[in-house]
Amino acid sequence: MQFGPGMVCCNKYRAKAGLCCDLDAQLDCVAFESARLAAHAPRRLPEFLTSLLAVFPPNVLFVQARRGGYVDTFIEAAACYCATYPTLDERRTFFHFLAGHFTAEQTERFKTLHNAEWQRLRGKV
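Quick note: the sequence shown uses my numbering, first residue 314, plus one each step.
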């Protein structure tokens with residue numbers, strides 16, 4: 314499965330044949346693949362989630378993570394992804410998509426991980 318901006322289907326063979334999926338079908342594929350990775354290849358899950366954050370709204374992905382039981386992994390991936398945004402406004406906008414879904418502990422964890430990644434990316438650590 315491959316997800317990317319402007320995709321019509323996560324299955325490259327279906328897309329090549331001109332077949333497409335609606336957003337609900339794509340999110341079903343996301344949920345299935347995320348659950349599969351969480352159960353059988355948890356080390357690959359953060360990278361997969363990071364690739365999804367460029368395509369789907371982060372709040373929708375968080376709801377799926379909560380349902381799938383991999384919230385901590387999602388928060389880690391989202392915090393690192395957010396730190397890659399070049400401007401403070403972009404980072405704040407991304408965070409505010411998620412803030413209403415987070416508990417106080419999750420918010421604190423996100424901010425801690427985000428700050429550490431931001432420092433690392435900018436060579437301040």
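By construction, the Cβ of each residue, glycine as well, lies at the ideal position given by its N, Cα and C atoms.
What are the boundary residues of the alpha helix (DSSP H) that includes His414? Working through the sequence shown from its first residue, we reach residue 414 at position 101. Premise fails: His414 is in no alpha helix (DSSP H) and is neither H nor E.
Am I right that Ala367 and Leu358 are in contact with their C-beta atoms under 8 Å? What's the rounded C-beta distance? To locate residue 367, count along the sequence shown from 1; it is residue 54. To locate residue 358, count along the sequence shown from 1; it is residue 45. Between Leu358 and Ala367 the Cβ distance is about 16 Å, and since that is not below 8 Å, they are no contact.
Top-ranked residue by Cα proximity to Arg435, from Gly413, Leu362, Thr400: In the sequence shown, residue 435 corresponds to position 122, counting from 1. Considering only alpha carbons, the answer is Thr400.
Whose C-alpha, out of Cys322, Ala328, Cys395, is nearest the C-alpha of Pro370? As a position in the sequence shown, residue 370 is number 57, starting the count at 1. Looking at the Cα atoms, Cys395 is the closest of the given residues.
Below 6 Å CB to CB, which residues in the same chain sit around Phe423 once its five sequence neighbours on both sides are set aside? Working through the sequence shown from its first residue, we reach residue 423 at position 110. Here the set comprises Ile388, Ala392.
List the endpoints of the continuous alpha helix (DSSP H) containing Cys334. Residue mapping note: residue 334 aligns to position 21 of the sequence shown, counting from 1. First-last for Cys334: undefined, no H or E at that position.
Assign Cys342 to one of three DSSP states: helix, strand, or coil. In the sequence shown, residue 342 corresponds to position 29, counting from 1. Reduced to three states, the DSSP call for Cys342 is helix.
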